[in-house]
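Protein chains in written order, with the numbering used here: chain A, 6 to 113; chain B, 6 to 113.
Backbone N, C-alpha and C fix where the C-beta goes; we use that ideal spot for every residue, glycine too.
The structure under discussion appears below in the form of structure tokens.
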DNA sequence: CCCGTGTATCGTCGATGAACGATGTATCAG
DNA sequence: CTGATACATCGTTCATCGACGATACACGGG
């Protein structure tokens, strides 16, 4: 390993502000263990009723609802209202898009 | 598309709390556009002096230093001290690990 | 029409995050 | 030894987050 990989002149990178903002916003939606758990549960089945998620997670209904709202705002889940219930489903395509945007952004 | 994908009985998922926590913690480190930008810059070259990053980002030195600390704590970058300078490098392996943990967690 | 049911939303409160300037610290040049 | 350099850390301030209970809301059943 070389003693220093440091360069003298920084190589400027094209600034794609929209993409970077989207990555950051979606990462923020993932930045909570309860939301990770919710996504994992939803990823394992075609869809879930909210109440089942509430009892599985074990937090207040309003808290779980808020986490779900954040996931939806990040496009990671979709909802289908069936009054008085709501069915939540994972948006696999958006998860895949996040994963590939991540990979291309950092040249993986 | 079926009218409802909702299931009656939720399918329980193995609870891997450590992995879920790690995903959330690392996602939190990514949850800021400046940190995304820093990672992108670092991913484009073998290493960077902190001061160059500060002038490229255009925020206060202490602010950039804090963002770099967060990225380091998440293992996304490494540092090599060369007093009085510090050379920052991306940890590509950890980025790849994040990407694959993400993919397996959500069954992509 | 009214009630029960399941969610969404609101208001609150304590905790955490983001930005900054000021200061501390370790090395090198002279 | 002294000053300059480059980064880390501290303390402060304002904004945002996370959790909760209370309440609003929209439909279906009686």
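In the three-state reduction of the DSSP assignment, residue 70/B falls in the helix class.
Interface annotation for the region 16–49 of chain A against chain B: 16, 18, 25, 26, 28, 29, 32, 33, 35, 36, 37, 38, 41, 42, 44, 45, 46, 48, 49, criterion Cβ-Cβ distance under 7 Å. Residue range 38–48 is occupied by the alpha helix (DSSP H) that includes residue 46/A. If you compare the alpha carbons of 112/A, 72/A, 36/A, 56/A with that of residue 90/A, the shortest gap goes to 56/A. The beta-carbon of residue 70/B is placed no less than 7 Å from the nearest beta-carbon of chain A.
DSSP lists 91/A as the beta-bridge partner residues of residue 86/A.
The beta-bridge partner set that DSSP reports for residue 53/A consists of 93/A. Distances from the alpha-carbon of residue 73/B to those of 58/B, 25/B, 63/B put 58/B closest. With contacts defined by Cβ atoms closer than 7 Å, residue 92/A and residue 11/B form a contacting pair. By the 16-neighbour rule on beta-carbons within 10 angstroms, residue 26/B is exposed. At least one CB of chain B lies nearer than 7 Å to the CB of residue 52/A. In terms of Cβ geometry, residue 29/B and residue 41/A form a close pair [threshold 7 Å].
Taking a Cβ-Cβ cut-off of 9 Å, the neighbours of residue 97/B in chain A comprise 111, 112, 113, given in sequence order.
Following the DSSP letters along the chain, one finds residue 28/B inside the alpha helix (DSSP H) bounded by residues 22–35. Closest in alpha carbon position to residue 60/A, among 51/A, 98/A, 77/A, 39/A, is 39/A.
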